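Chains as they are written, first to last, in my numbering: chain R, 852 to 988; chain Y, 852 to 988.
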DNA sequence: ATATTTACTTGCAAAAAGCAAGTGATTTAA
DNA sequence: TTAAATCACTTGCTTTTTGCAAGTAAATAT
């Protein structure tokens, strides 16, 4: 795990050092909500991340213990990326980010069902998402 | 309010464009938890943000409708920064970030009481923090 | 055997972050 | 009432990070 000079001992600062940039949480989102799990699938996301940045962020997330690389069951050419427990524990943050956005921007149709679930039963949604992800651990 | 080219229509992406960097949420944290409200106080935070970066982030947060500038009651030389409603609605995110960090790093003594409250009654903590901040609006 | 897919890397230009010093308006202290 | 201190920034410059386009090597499919 990466040891970088901490800017402070504040827990918010600690967290932002692990995922506080414009890309890391989008990767986490894909691994969490969209079940994308290979480099190629992550690269194809709507936000069009440059491949070198994707590689850099994946390495950083791995060093921070948020994701792990595994052999892909289908092919040795592929790599399976998945969230660790530490990564899955980011679900509540992703949920709150979604709920905040819902208040201040239009939500695309394809995301409305998910938002509805989060609103109806936040705790239940998180528990369920966690359970599904843990099946793959 | 800033109109920047959206990377995608994903709510997570929308949110990260507003506060997804290493500094913005630290400023929000200070305005929220530490009741810092002037440029000088924000500049003195533990993380030692450079003054030009602070100015840039404050402008960006303002353009995104998360904070607002007001006349300081004590002096015309000072500026009062405070969270808007949109900014206050980030409280649940800050709380979840604190709770995540608590699981994976040591929390400094001065923050433990706050974390205890968040753990004991998350909803209550958020409601209360919101109520206190809204008094200043 | 060849072409394609896969997960990256490399080189370079552009943007952003970070540092140190400076500016001008206000406020305090002599 | 004037000089020093405080306030919220800005400016100039260097370093780091981001982003683009192209390339590479291993594995797979044809």
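Beta carbons are placed, not taken as given, at the ideal position from N, Cα and C, and that holds for glycine. Quantities reported herein were computed from a predicted structural model and do not represent experimental measurements.
Q | is_contact[residue 861 of chain Y, chain R] using C-beta, thresh 8 Å | A | In the second chain, residue 861 of chain Y corresponds to position 10, counting from 1. Yes, because at least one Cβ of chain R sits closer than 8 Å to the Cβ of residue 861 of chain Y.
Q. Taking the alpha-carbon positions, what's the residue 984 of chain R to residue 941 of chain R distance?
A. Start at 1 with the first residue of the first chain, and residue 984 of chain R comes out as number 133. Start at 1 with the first residue of the first chain, and residue 941 of chain R comes out as number 90. Cα-Cα distance, rounded: 12 Å.
Q. With respect to the beta strand (DSSP E) encompassing residue 918 of chain R, which residues constitute its N-terminal and C-terminal limits?
A. Position 67 of the first chain holds residue 918 of chain R. Per DSSP, residue 918 of chain R belongs to the beta strand (DSSP E) from 918 to 922.
Q) Does the distance from the C-beta atom of residue 876 of chain Y to that of residue 945 of chain Y stay below 8 Å? A) If you number the second chain from 1, residue 876 of chain Y lands on position 25. If you number the second chain from 1, residue 945 of chain Y lands on position 94. In contact: residue 876 of chain Y and residue 945 of chain Y (Cβ atoms closer than 8 Å).
Q) Comparing the C-beta of residue 897 of chain Y with each C-beta of chain R, is any distance below 8 Å? A) As a working mapping, residue 897 of chain Y is identified with position 46 in the second chain. Judged by the 8 Å Cβ criterion, residue 897 of chain Y is in contact with chain R.
Q: State yes or no: is the beta carbon of residue 949 of chain R nearer than 8 Å to at least one beta carbon in chain Y?
A: In the first chain, the residue the question calls residue 949 of chain R occupies position 98. Closer than 8 Å to some Cβ of chain Y, the Cβ of residue 949 of chain R qualifies, so yes.
Q: Please say whether residue 926 of chain R and residue 952 of chain Y have beta carbons closer to each other than 8 Å?
A: For this step, residue 952 of chain Y is matched to residue 101 along the second chain. For this step, residue 926 of chain R is matched to residue 75 along the first chain. Not a contact, by the Cβ cut-off of 8 Å.
Q: Kindly identify the DSSP beta-bridge partner or partners of residue 966 of chain R.
A: Here the question's residue 966 of chain R lines up with position 115 in the first chain. Note: residue 966 of chain R sits in no beta bridge, so no partner.
Q. Pairing CB atoms from the segment 929 to 943 of chain R with CB atoms from the segment 883 to 896 of chain R, are three or more of them under 8 Å?
A. yes
Q: Determine which residues share a DSSP beta bridge with residue 984 of chain Y and list them.
A: Here residue 984 of chain Y refers to the residue found at position 133 of the second chain. Answer is none; residue 984 of chain Y lacks a bridge partner.
**Q.** Pairwise C-alpha distance: residue 970 of chain Y and residue 978 of chain Y
**A.** For the purposes of this step, residue 978 of chain Y is taken as residue 127 along the second chain, with counting starting at 1. For the purposes of this step, residue 970 of chain Y is taken as residue 119 along the second chain, with counting starting at 1. So the two alpha carbons sit approximately 14 Å from each other.
Q | Residues near residue 976 of chain R by beta carbon distance below 7 Å, same chain, minus five either side | A | On the first chain, residue 976 of chain R is found 125 positions in, with the first residue counted as 1. So the list reads 946, 968, 969, once near-sequence residues are dropped.
Q: Note down, in chain order, all residues in the segment 952 to 977 of chain Y with a beta-carbon under 7 Å from any beta-carbon belonging to chain R.
A: 952, 953, 954, 955, 956, 958, 959, 962
(Q) When you compare the CB of residue 944 of chain Y with every CB in chain R, is at least one pair closer than 8 Å? (A) Here residue 944 of chain Y refers to the residue found at position 93 of the second chain. With 8 Å as the cut-off, residue 944 of chain Y counts as an interface residue toward chain R.
Q. Residues in its own chain within less than 6 Å of residue 921 of chain Y by CB, not counting five upstream and five downstream?
A. Position 70 of the second chain, counted from the first residue, corresponds to residue 921 of chain Y. Around residue 921 of chain Y: 931.
**Q.** Which of helix, strand or coil DSSP assigns to residue 867 of chain Y
**A.** Against the second chain, residue 867 of chain Y aligns to sequence position 16. Helix, per DSSP.
Q | Supposed contact pair residue 958 of chain Y and residue 862 of chain R - C-beta distance, whole angstroms, cut 8 Å | A | As a first step, residue 862 of chain R is located in the first chain; it is residue number 11 there, counting from the start. As a first step, residue 958 of chain Y is located in the second chain; it is residue number 107 there, counting from the start. With 8 Å as the limit, residue 862 of chain R and residue 958 of chain Y qualify as a contact, their Cβ atoms being about 6 Å apart.
Q.
If we define contact as Cβ-Cβ less than 8 Å, is residue 941 of chain Y a contact residue for chain R?
A. One-based indexing of the second chain puts residue 941 of chain Y at position 90. Answer yes: the Cβ-Cβ gap between residue 941 of chain Y and chain R drops below 8 Å somewhere.
Q.
Let's see if you can read the secondary structure: which residues bound the alpha helix (DSSP H) around residue 912 of chain Y?
A. The residue given as residue 912 of chain Y occupies position 61 in the second chain. 902 to 914 is the span of the alpha helix (DSSP H), which, as asked, contains residue 912 of chain Y.
Q | Candidates R/896, R/905, R/873: closest to residue 881 of chain R by CA position | A | Numbered from its first residue, the first chain carries residue 881 of chain R at position 30. Closest by alpha carbon: R/896.
**Q.** Cβ neighbours of residue 894 of chain Y in the same chain (closer than 7 Å, five flanking residues each side left out)
**A.** Against the second chain, residue 894 of chain Y aligns to sequence position 43. The answer, listed in chain order, is 900, 902, 905.
Q. For residue 931 of chain R, which of helix, strand or coil comes out of DSSP?
A. Your numbering for residue 931 of chain R matches position 80 in the first chain. In the structure shown, residue 931 of chain R sits in a strand (DSSP, three-state: E or B).
(Q) Which residues in chain Y have a C-beta closer than 7 Å to the C-beta of residue 911 of chain R? List them in chain order. (A) Along the first chain, one-based indexing puts residue 911 of chain R at 60. Correct list: empty, because the minimum Cβ distance to chain Y is about 13 Å.
Q: Report the option in R/949, R/935, R/872 whose CA atom is closest to the CA atom of residue 860 of chain Y.
A: Taking the first residue of the second chain as position 1, residue 860 of chain Y is located at position 9. The candidate whose alpha carbon is nearest that of residue 860 of chain Y is R/949.
**Q.** For residue 959 of chain Y, three-class secondary structure by DSSP
**A.** Residue numbering aside, residue 959 of chain Y sits at position 108 when the second chain is read from its first letter. Three-state DSSP puts residue 959 of chain Y in coil, outside helix and strand.
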